[in-house]
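K.L.:
Numbering follows full-length UniProt numbering, in which position 172 of the sequence shown is assigned residue number 172; successive positions increment by one, without gaps.
Here a beta-carbon is modelled for each residue, glycine too, at the ideal position from N, C-alpha and C.
Right, I'll just put the structure down here and ask away after.
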Amino acid sequence: MKIAVFGATGGTGRRIVEQGIARGHDITAAVRTPGAFAAEPGLHTVVTDPMDPESAATALAGCDAVVSAIGGRGPLNERSDVIRDATRGIGHAMAATGVSRLLVLSQGTVADAGDGPLTRIVAKPILRRVLRNTRADAIRMEALLRGGELDALDWVVLRAPMLTDGRRTGRYRTAREANVRGGIRISRSDLADAVLDLVADPAVSRAVIGAAA
């Protein structure tokens with residue numbers, strides 16, 4: 001597959017790029033500044049602004065699918081619409097260029113379905129206070145995909161719990177329309193495996209998937 005990765009320079013995005021190339025995919029890393037990646041076979045780098053559909057479209061030529069690993073930016077105590085607005089820009093670029101398959105990373109704090117009592121009663125309230133603005137941004141992004149504005153897209157939302165820089169195990173668990181019970185963390189490398197597996201799976205369409213170790 002030829003896959004465009006937005007948010008490619010982040011901790012998870014870099015692993016998606018690296019592991020995608022290792023699987024034999026052609027990867028286009030959509031970045032904001034040049035020089036973010038060294039040249040290597042299977043990798044093409046494009047400087048683009050994901051919030052501008054015309055700019056984002058320059059990264060999509062010949063692509064079969066798009067992954068957005070864009071996270072919130074700025075102080076945690078300030079409202080951010082980065083995730084939603086980037087998804088909107090990328091989505092309109094995809095519609096204009098005829099690319100339909102999109103996987104977007106979200107966070108497990110968005111909903112409680114699948115969580116055990118300890119997570120739901122103790123951990124989630126704390127996380128939601130700390131991450132309230134990025135969580136709200138992720139909620140708005142998911143609402144955008146479920147609404148009618150981007151109906152041309154065949155999307156998947158992948159919700160992740162706490163991310164770590166732990167080693168790649170090649171194992172992860174998933175749940176459809178729910179968080180993974182007892183799944184409090186996942187390494188970025190294992191999450192990248194989940195991303196690459198799911199974006200290539202046509203059986204998963206217009207779905208929210210939870211992933212965890």
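Is R128 buried or exposed, if buried means 16 or more other CB atoms sit within 10 Å of its CB?
P.N.:
That one is exposed.
K.L.:
Taking only the alpha-carbon atoms, compute the straight-line gap between T28 and A59 and give it to the nearest angstrom.
P.N.:
Between T28 and A59, the C-alpha separation is close to 7 Å.
K.L.:
Go ahead and pull the three-state DSSP assignment for T164.
P.N.:
Reduced to three states, the DSSP call for T164 is strand.
K.L.:
Below 8 Å on the Cβ atoms is my guess for G89 versus P53; work out the distance and round it to an integer in Å.
P.N.:
That belief holds up - the Cβ atoms of G89 and P53 are roughly 5 Å apart, short of 8 Å.
K.L.:
Assuming the contact rule is C-beta atoms closer than 8 Å, L104 and V157 should be a hit. Round their C-beta distance to whole Å, please.
P.N.:
It should be noted that the sequence gives Val, not Leu, for residue 104. At roughly 6 Å, the Cβ-Cβ gap stays under 8 Å, so V104 and V157 are in contact.
K.L.:
For T48, count the other beta carbons within 10 Å of its own beta carbon; 16 or more makes it buried, fewer makes it exposed. Which is it?
P.N.:
Label assigned to T48: buried.
K.L.:
What residues in its chain sit with their C-beta under 8 Å from that of G10, if we drop five residues either side in the sequence?
P.N.:
For G10, where only same-chain residues beyond five positions count, the Cβ hits under 8 Å are A69, I70, G71.
K.L.:
Compare the C-alpha of M94 against each of R167, A65, R168 and name the closest.
P.N.:
For M94, the nearest C-alpha among the options comes from A65.
K.L.:
Which residue marks the beginning of the alpha helix (DSSP H) containing D26, and which one marks its end?
P.N.:
Here D26 belongs to no alpha helix (DSSP H); instead the beta strand (DSSP E) covers 26-31.
K.L.:
Would DSSP call L118 helix, strand or coil?
P.N.:
L118 falls in the helix class under three-state DSSP.
K.L.:
Around the Cβ of P161, are there at least 16 other Cβ atoms within 10 angstroms (buried) or fewer (exposed)?
P.N.:
Buried: at least 16 other Cβ atoms inside 10 Å.
K.L.:
Whose C-alpha, out of H92, L145, V82, L150, is nearest the C-alpha of T134?
P.N.:
The shortest Cα separation from T134 among H92, L145, V82, L150 belongs to V82.
K.L.:
Are the beta-carbon atoms belonging to N179 and R159 less than 8 Å from one another?
P.N.:
For N179 and R159, yes; Cβs fall inside 8 Å.
K.L.:
Starting from G210, follow its DSSP beta bridges and name the residues at the other end.
P.N.:
Partner(s): R159, A175.
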